[in-house]
Structure formats: C-alpha cells, structure tokens
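J.: Position one of the sequence shown corresponds to residue 91 (our numbering), numbered consecutively onward.
This is the structure I want to talk about, given as structure tokens.
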Amino acid sequence: MLELVAAFICLTTLLTYVNYRFIGLPPAIGVMVTALLFSLMLQGLSLIGFPGLEERVEGLMNQIDFNDLLMHWMLSFLLFAGALHVNLADLRSYRWPIGLLATLGVLIATVVIGYLAHWVFALFGWNVPLIYCLLFGALISPTDPIAVLGALRTANASKPLKTTIVGESLFNDGTAVVVFTVLLGIIQLGETPSVADTAILFAREALGGIAFGGLIGYATYRMIKSVEQYQVEVMLTLALVIGGSAMCYELHVSAPIAMVVAGLIIGNLGRNLAMNDMTRRYMDGFWELIDDMLNALLFALIGLELLLLPFNWLHLAAGGVLAIAVLASRLLTVAPAIVLLRRWRSVPQGTIRVLTWGGLRGGVSVALALSLPQGAERDLLLSITYIVVLSSILVQGLTVGKVVRKVSTQPE
C-alpha cells in the first residue's frame, strides 16, 4: 500500500510539474492531458518491443479501486472543500435554478440520455438492454465543477452564473448516485422497486444526508467557536470529513450531500462567527492544498485509466456521437429551467449557453461506470463513459472561458 501511494503521489507531482513548466493548461485539465500523453507513450513503447514499464504501471493501476477511492473518500474531501467557499446567501438567492437542475434536471437527463444511448447503440449493432442505457444516463448526468471553476474565475463570470454552476454541481452528485443505485438494484435483483420503495430510498439518502450533514456541521462549528487555536480548528474540520464520511456509509445516508451541507455551515457560520483572521487564513490554505492535491491525483488517475480500458474504433465513434447527445440533453434540461425562472426574476443574457457548455462531466461518472457489474455491457459502457468524459473536459473545459467572455451580463 505504501509503495502504491508513494508511486502515484510522485507520478502525479511529476505530471503537474510538466504541465506547469511546459504545457501551461489549467491545472486539472493539464494534469489529465499529461497523464493521457504518458499513457500513450507507454503503449507506444509496448508496440515497439518495450512493454515492461506499461505492465508495471498497469499493475499499480489494477491495485486501485477507483470507485471506492473516489466515491467513499476523495469526493467527500472535494465537495467539502468546494462548499467552504460558497456564500450561503448567494445559494439561497439562486436556490430555484440550482434545485431544479440538481434534482429534476438529473432525472430528465437520465431518461433523455438513456433513450438516445439505446438508439445509438442499436445504430452501431450493439444489443444493449434499455435498463443499461438508462443506467448510463444516470452515471453520466452529474456535472463536475472542478475543471470549469478556474476558467470561470479567469473569465470573470457573473455571480448568478458562477453560483448556479457551482451549486448545481455540489448537489447533483447525490441525486445521480441515488438514481444510479435504484437502476442498478433493478438489474441485480431482476425486479422493479415500487414507487414507495424508491421514494423511501431517495428520502433516506438525500434528506438523511442533509440532516446528518447539518448535525455534524453545526456540532463542529460549536467546537471551533470554543477554541482559539488554528491547529485544533483545522484538525476539527479534517476529522469532520473523515469521520463524517465513514458514519454516513454506516447510516446509509448520502455522504456527498452531507459533506456539502457541513461545508456550507463551516464556510459561513464558522468563518463569520467562530474564526479569527489567522484561523481563516490557515483554514483556507489547508483546504485549498487538499483540494488541489486531490484534483491532481483524480485527473491523473482518469488519464492513466486509458491503459486499462478495452477500446476499439467503434467505441470511439459511438462515444463521439454520445458526447454530442449528452450536450444536447444538457440543453434540454437547462433551457426549460431558465425560461421558467425568467417569469419571476431577471436572468443574465447567455445564461443558457454558459450553463449548457459549463456542464462538464468528470470523475464521478467514471467512478460509477467502474462500479457496474461484470459483463459485456460493463466494458462497453465504461469505454463510452471514458470517451464522453474526456471529450467534455478537453473540449468544453478548454473553451468555456471563451463562451463566458462572449456573453453579456445584462438581462435579456
């Protein structure tokens, strides 16, 4: 285990350095691109008769349970770190578009993408059951804020756009995981759960996550307020994430949602009422470092997954078609929500374009795909998911800043 951790931290650090020194892409995207190039280099060396290094890296990759690592640990840290810097007042102001996109938007996207995938797979001659296509729709629905936040900051995105994109991304992971779990249960058990059972599962995961996150977040806030030593206060937040995540899985409530709620409490109540300037400075520095390191590791792992996936040219073609379909489904979920919102409030010009193009797919989708049961459908869906995620990060992630800069901030 120590060898594995050491190898990936060293490799990720080297990839980060290469991107910063020679490539110059945004950090998360740049690390992934560098890891992709590294993977292609290893495959090239194997083709010309030097397979040793590729086999060594593949051996290390096979020791990593990507789904468990991301969904049970890394995601909690990333969501907590992201929520720390979200203003709760801003979140309340844009709660309707965020709520619609993070709940109903995920459900609509799951159905639309599922049926489009079923049609595309049939077009390529693959007989994939509709339930697996809907499962693909659920796992590819959640958006990932990590790769787009830097571009939004440099492009000076307006507060409504930035708050909506970040808020949706923080909460839709939990919704997507619940939908994915229900559909996966149908496949594994061979029977469709009742509406009541589905509602109970959703309420336990989502509402339970909100309640538990609020409880541990408020308790930690009170503990932080009672001390005046930044080392202890930072350690309390670290214990909150590690211990809170472990307890969520024991209680069968959503850890992602709980960590978002806890992060909002610490980042607002804690920051304003329980921390002095020194604590704020160290708290921000600590969680910014954790965020950057885990993002680098995550995107390096995404790039290195190329070594393990069973690709062929048909997969690449189908993945390209479905990447366009996923983008179209994003437009179909964003546009009605924003049009409905315009009945009650002013909405900046270009909001639909930016929210559509800024809805990147990322590590959560790959992790969910890796948790699929073994079978022919798993290999196909995993390859397609990887292609869609790569195209989303590379194409949308590198151009969303330009889209933001082109739109006006004046109400339509």
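Backbone N, C-alpha and C define an ideal beta-carbon position, used for all residues, glycine too.
Since the structure is predicted, the reported quantities are computational estimates derived from the model, not experimental observations.
I'd like the list of long-range same chain contacts for T254, defined as Cβ closer than 7 Å, with 5 residues on each side in sequence excluded.
T.: Same-chain partners within the cutoff: Y184, P187, I188 and L445.
J.: Whole angstroms are fine: how far does the CA of A247 sit from the CA of Q153?
T.: Rounded to whole angstroms, Q153 to A247 spans 41 Å at the Cα level.
J.: Report the residue from G280, M368 and L213 whose alpha carbon sits nearest the alpha carbon of E318.
T.: Among G280, M368 and L213, the Cα nearest to that of E318 belongs to M368.
J.: Answer yes or no: do F156 and L431 have a C-beta to C-beta separation smaller than 8 Å?
T.: Not closer than 8 Å, so no.
J.: Just checking, does the segment 379–399 make contact with the segment 143–151 on the three C-beta pairs under 8 Å criterion?
T.: Yes: at least three Cβ pairs fall under 8 Å.
J.: What separation, rounded to the nearest whole angstrom, lies between the Cα atoms of N358 and L297?
T.: Computed Cα separation, rounded: 21 Å.
J.: So, does the segment 122–142 touch the segment 403–417, judging by three or more C-beta pairs under 8 Å?
T.: Judged by Cβ distances under 8 Å, the segment 122–142 makes no contact with the segment 403–417, as fewer than three pairs qualify.
J.: Anyone know if the C-beta pair for L229 and A459 falls short of 8 Å?
T.: Closer than 8 Å, so yes.
J.: Using a Cβ distance threshold of 8 Å, determine whether the segment 265–283 contacts the segment 310–326, with at least three qualifying pairs required.
T.: No, the segment 265–283 is not in contact with the segment 310–326.
J.: Nearest by alpha-carbon distance to T441: which of G375, K496, L399 and L225 is it?
T.: For the residues G375, K496, L399 and L225, the minimum Cα distance to T441 belongs to K496.
J.: Excluding the 5 residues preceding and the 5 following M164 in the sequence, name in chain order all residues of the same chain whose CB lies nearer than 7 Å to its CB.
T.: Cβ within range, chain order: L384 and L388.
J.: Three Cβ pairs or more, each shorter than 8 Å: is that satisfied between the segment 280–292 and the segment 329–338?
T.: Touching, no, given that fewer than three Cβ pairs across the two stretches are closer than 8 Å.
J.: List in chain order: all unbroken alpha helix (DSSP H) runs of 4+ residues lying wholly within the segment 174–243.
T.: Taking only runs of at least 4 residues, the alpha helix (DSSP H) segments lying wholly in the segment 174–243 are 178–183, 185–192, 194–213 and 220–230.
J.: If you draw a straight line from the alpha carbon of G204 to that of N177, how long is it in whole angstroms?
T.: Cα-Cα distance, rounded: 35 Å.
J.: Skipping 5 residues on each side, what residues in its chain have a beta carbon closer than 7 Å to that of E467?
T.: Answer for E467: V218 and Y222, listed in chain order.
J.: Suppose the cutoff is 7 Å on Cβ atoms and the five residues either side in sequence are ignored; what does the same chain contact list for L450 look like?
T.: Same-chain partners within the cutoff: T233, D234, A237, V238, S482, I483, Q486 and G487.
J.: Which complete alpha helix (DSSP H) runs does the segment 312–375 hold, if anything under 4 residues is left out?
T.: As far as the segment 312–375 is concerned, its whole alpha helix (DSSP H) runs of at least 4 residues are 320–341 and 345–355.
J.: I'd like the span of the alpha helix (DSSP H) that includes N157, first residue to last.
T.: Here the alpha helix (DSSP H) through N157 covers F156 to L159.
J.: Sort G303, S136 and A96 by Cα distance to Y339 and report the nearest one.
T.: Closest by alpha carbon: G303.
J.: With DSSP as the reference, label R433 as helix, strand or coil.
T.: Note: R433 maps to coil in three-state DSSP.
J.: Leaving out five residues before and five after E502 in sequence, what residues of the same chain have Cβ atoms less than 7 Å from its Cβ?
T.: Its pLDDT being 48, under 50, E502 is placed unreliably in this model, and the coordinates cannot settle the point.
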